[in-house]
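The sequence shown maps to residues 102 to 311 in my numbering.
Just below is one structure, and these are the notes that go with it.
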Amino acid sequence: MLPALNVLLTVLAGAAMCSVGAAYAVTHDRSPECVKAPALTGDTALCTAQHGLLKLTYERASGRIVLQAPTARKTVLETIPHPYDPARVGAENLIRWLPMKLQPYLAHGKLLYFSARRSSPGDGHGYCGAGAEISVTAVNLRPVPKVEGHVPVSSCLDNIELAASSGNDLSPYTVRDGKLTIAFSAYPGRGQAVAQINDDLTGLDFLVSP
């Protein structure tokens, strides 16, 4: 590993460990409206003073990822074809909001959630038959909710691996300079790397590369 990359990964890991635990479970701000809001257990509900209670639901029968906001009708953010149903590889619970501490674009009306789907259709055999594709997805809430971008962060097909111990480990994610920063243990053509989601929320800007 390059010395600069080693130092940066160590710094990010230390910052993440300080945030792991209760802070990562917080999916609402401390405004009076959100403190009193119901159904804030788990991480498929997120509440902000500006946008109210936002519920994210994966409807397996239809394959839809749905957002319910107080000021808008139910919005379908994604539709996952049945052969790619994440539940078939045990990844449906990965569809959830990032916690409040990892929502650096909230002031601009944009929220991030994890999207998941099965890597490939079929009977579960063969290359990536039991694999999953995970993306950080950006939703622009203004004027009506719509998906603005998908950024793959873990992929069996593309050999992208987070510097994480499991799918529920959020330690690879931090906020740096107002941007979501992600540590990878393996990224195609780069090996270990650290990157930030770019300004249009559709890709990555790498901070360190071999």
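Backbone N, C-alpha and C define an ideal beta-carbon position, used for all residues, glycine too.
For E234, the enclosing beta strand (DSSP E) has its first and last residue at 233-241. The alpha carbon of G164 has as its nearest neighbour, out of N241, E262, L178, G250, the alpha carbon of L178. Burial state of R174 is exposed, judged by a 10 Å Cβ sphere holding fewer than 16 other Cβ atoms.
Per DSSP, S255 is one residue of the beta strand (DSSP E) stretching across 247-256.
Distance from the Cα of H251 is smallest, within the candidate group A208, A239, G223, Q204, for A239. The shortest CA-to-CA distance from H209 to any of L305, D301, P200, N194 is the one to D301.
Counting C-beta atoms within 10 angstroms of its own C-beta, L242 has 16 or more neighbours from the protein chains shown and is therefore classed as buried. DSSP places C229 outside both helix and strand once states are collapsed to three, so it counts as coil.
Take Q204, set aside five residues on each side of it, and the residues of its chain with a beta-carbon closer than 7 angstroms to its own are L212, L213, in chain order. For T275, the number of other beta carbons within 10 angstroms of its own is at least 16, and it is reported as buried. In this structure the stretch 262-269 touches the stretch 286-294; the number of beta carbon pairs closer than 8 angstroms is three or more. Taken atom to atom, the span from the alpha-carbon of D278 to that of K202 is near 13 angstroms. Taking the C-beta atoms as reference points, R218 is found no nearer than 7 angstroms to I261.
Excluding its 5 nearest sequence neighbours in each direction, T145 has C-beta neighbours in its own chain below 6 angstroms: L157, R197, listed in chain order.
Look at Y206 here: in three-state DSSP terms it is coil, with no helix or strand label. Positions of the beta strand (DSSP E) runs, each at least 3 residues long and wholly inside the stretch 137-180, are given as 146-149, 153-160, 165-169, 176-180 in order along the chain. As the crow flies, the alpha-carbon of D306 is around 34 angstroms from that of C135. Exclusion of the five residues before and after S255 leaves I235, I261, L263 as the residues of its chain whose Cβ lies within less than 6 angstroms of its Cβ. In the structure shown, L195 adopts helical secondary structure according to DSSP, grouped into three states. The beta-carbon separation of A150 and P187, rounded to 32 angstroms, does not stay under the 8 angstroms limit for a contact.
With 16 or more neighbouring CB atoms inside 10 Å of its own CB, T282 falls in the buried class.
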